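In the numbering used here, the protein residues as written are 24 to 372.
Think of the CB as a built atom: it goes at the ideal place given N, C-alpha and C, for glycine as much as any other residue.
Only a predicted model underlies this, so the values are computations on that prediction, with no experimental measurement involved.
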């Protein structure tokens, strides 16, 4: 009797230990609240901590399984044989097997990702080529590794192209060439190059004032320089931006201009029929010491040298005019004196 009691006590102790060990393991590793598997492979699992996984097997590119659903409808669909997922609503065949690329993803309304590794989001967007991306409304990425964003943007089968279109027009903006960036931003394209937005460049239509306070500009910059809607490049020349002023000798500038080689030439990148005239940057720098380097000529420096030369010549002209007027007065006085002498001589008997 005692032996039986002892055996039962040992068995109870082992059962309690098993319960404690099992509970501790469950506390360390979240168990599934719901799980579905087949042949030892997990198909769907919801963990007690809220984690969710959906499994399956990719067919290796030789489709052998069945798509979960086709046709119109609202659904969340995981297609393991193609490693593809869909979420949202379609009214037609956008999510039929023929329109689903391997490892693609599409979410929204009537979106299609038919290219392998393609992604489509939004409303009626299409990512039709390998690794393409489309997001927004009525956009199409039809070039390999192309991107279509915004509203009515189309990469036009141009690979590696990027198209962004704003919502200012229903006309479709299309990429013109491969590997290009194409933008429609009717409100301007702003690039800021500082964290406080104080420097940068703005491309705009010219109908509004830019970030930098310039109106009627196509390209405006935080430096004060801009390209006007009339095609005139305007340099920054505000006196408040300048210092270290020094006088310039006009005659010295004229002397240097006389020695400065000025020839006609063509850029190596231009057709030989395209000709220009002017000095080289090296000669200009050697003569006047202006600008930041010896391989370029700032238009404001070239204009300044020309203006100094004009002023020096105008001073020469004014000086010469004064001398001419003095000589003319002296000549008139001499002519008058000579006339009086001639009259005096002719009047004597």
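Q. Got a sec? Which residues, its chain only, sit under 7 Å from residue 345 by beta carbon, not counting five neighbours each side?
A. Closer than 7 Å at the Cβ level, and outside the excluded window around residue 345, lies no residue.
Q. Start and end of the alpha helix (DSSP H) containing residue 276?
A. Residues 273-282.
Q.
Checking 8 Å against the spacing of the C-beta atoms, do residue 325 and residue 282 come in under that value?
A. For residue 325 and residue 282, no; Cβs fall outside 8 Å.
Q: Enumerate in chain order the residues of its own chain whose CB-to-CB distance from residue 114 is below 7 Å, with the five nearest sequence positions on each side excluded.
A: Contacts found: 95, 133.
Q: Starting from the Cα of residue 153, find the closest Cα among 137, 216, 144 and give me that residue.
A: Check the Cα spacing between residue 153 and each of 137, 216, 144: the tightest is with 137.
Q: In the DSSP assignment, find the unbroken beta strand (DSSP E) run with residue 60 in it and report its ends.
A: Counting along the chain, the unbroken beta strand (DSSP E) around residue 60 starts and ends at 55-61.
Q. Is the segment 214-226 close to the segment 276-292, with three or more CB pairs under 8 Å?
A. When C-beta atoms of the segment 214-226 are compared with those of the segment 276-292, fewer than three pairs fall below 8 Å, so the two segments do not count as touching.
Q) Of the residues 143, 123, 118, which one's Cα is nearest the Cα of residue 129? A) Nearest of 143, 123, 118 to residue 129, Cα basis: 143.
Q: Classify residue 243 as helix, strand or coil using the three-state DSSP reduction.
A: The three-state secondary structure of residue 243, taken from DSSP, is strand.
(Q) In whole angstroms, give me the CA-to-CA distance for residue 373 and residue 245. (A) Since the first and last residues shown for the chain are 24 and 372, residue 373 lies out of range.
Q. Mapping DSSP to helix, strand and coil, what is residue 126?
A. In the structure shown, residue 126 sits in coil (DSSP, three-state: anything other than H, G, I, E or B).
Q) Just the Cα atoms here: how many angstroms apart are residue 162 and residue 239? A) Their backbone Cα atoms lie some 32 Å apart in a straight line.
(Q) I need the boundaries of the alpha helix (DSSP H) containing residue 232, first residue and last residue. (A) For residue 232, there is no enclosing alpha helix (DSSP H), since its DSSP letter is neither H nor E.
Q. Should residue 358 be labelled buried (16 or more other beta-carbon atoms within 10 Å of its own) or exposed?
A. Residue 358 should be labelled exposed.
Q: Work out the CA separation of residue 292 and residue 191 for me, nearest whole Å.
A: Distance from the CA atom of residue 191 to the CA atom of residue 292, rounded to whole angstroms, is 38 Å.
(Q) What does the alpha-carbon distance come out to for the pair residue 50 and residue 63? (A) Bear in mind that a pLDDT of 42 at residue 50, under 50, signals an unreliable position, so the number given afterwards is only what the model happens to contain. Approximately 24 Å between the Cα atoms of the pair.
Q) Identify the residues that DSSP records as bridge partners of residue 205: which are they? A) Beta-bridge pairing links residue 205 to 186.
Q) What's the C-alpha gap between residue 266 and residue 247? A) Taking the straight line joining both Cα atoms gives about 16 Å.
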